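Participant:
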Amino acid sequence: MKYYDQAKPGRTIVVRLNPGDYVMESLRLVIDQAELKNGYIASGVASFDHCRLKTAIGVSQPPVFVYPEWNDVPLEVVALQGFIAEGQPHVHVVVSDDKQAVAGHLEESRILFVGEIVIQELIGQEFTREPISASLNQIVVKNEEPERS
């Protein structure tokens, strides 16, 4: 475990997504246009008609993933949050249809009716991701000295 406490709130960016907009594509565009390097997705409200997630199954190493996907199915977003390091979003969601709720890493999705996302910029500390295995990364402060064992 490690924590970082030098980041401070910067801008608050509110994103409105329209029907047919792709969420990850739009987030990358907003991040690029706003020149946002670090932050977190504080809140997201949306409905999707297309969604692809990445979800781990089992507890073995290396991890095994499945990619549940919905096409032309109305989904309600129950939760949407994430972290942005070096301008790259890492987003997780919980979506539900009329039978079940499913959670996972958001690969991509398309807005059905409405999409509203609030991003909080973080300033004062530069974050990046470093690999911890062939398929997993973790956040660290950029140019941080490696931990000694």
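Here this note's numbering is used: the sequence shown runs in plain steps of one and ends on residue 150. All C-beta atoms in this analysis are idealised placements derived from N, C-alpha and C, irrespective of residue type, glycine included. Here the structure is a predicted model, which is why all the values come from computation and not from measurement.
What does I139 pair with, by DSSP beta-bridge criteria?
Facilitator: Translated into positions along the sequence shown, residue 139 becomes position 138. Reading off the sequence, residue 139 comes out as Gln, not Ile. Its beta-bridge partners are E131.
Participant: Return the chain-ordered ranges of every beta strand (DSSP E) run that is complete within the region 63-140 and spans a minimum of 3 residues.
Facilitator: If we require 3 residues or more, the beta strand (DSSP E) runs fully inside the region 63-140 come out as 65-67, 70-86, 89-97, 102-124, 128-132.
Participant: Spatial neighbours of G40 within its chain, please: CB distance less than 6 Å, with the 5 preceding and 5 following residues excluded, ordered by chain position.
Facilitator: Position 39 of the sequence shown, counted from the start, is the residue given in the question as residue 40. I85, I120, Q121, E122, L123.
Participant: Using three-state DSSP, classify D50 as helix, strand or coil.
Facilitator: Against the sequence shown, residue 50 aligns to sequence position 49. Three-state result, D50: strand.
Participant: Do L107 and V95 have their beta-carbon atoms positioned less than 7 Å apart in this structure?
Facilitator: In the sequence shown, the residue the question calls residue 95 occupies position 94. In the sequence shown, the residue the question calls residue 107 occupies position 106. Result no, Cβ atoms of V95 and L107 do not sit closer than 7 Å.
Participant: Go through the region 4-58 residue by residue and report every complete run of the alpha helix (DSSP H) that reaches 4 residues or more, in order.
Facilitator: 24-34
Participant: Rounded C-beta distance between L113 and P75? I'm assuming under 8 Å.
Facilitator: What you label residue 113 is simply residue 112 of the sequence shown in a count that begins at 1. What you label residue 75 is simply residue 74 of the sequence shown in a count that begins at 1. That pair is a contact at about 6 Å.
Participant: Short of 6 Å in beta carbon distance, which residues of its chain neighbour C81, apart from the five on each side in sequence? Order them along the chain.
Facilitator: By one-based count along the sequence shown, residue 81 stands at place 80. Per the sequence presented here, residue 81 reads as Leu, with Cys not at that position. G45, V94, listed in sequence order.
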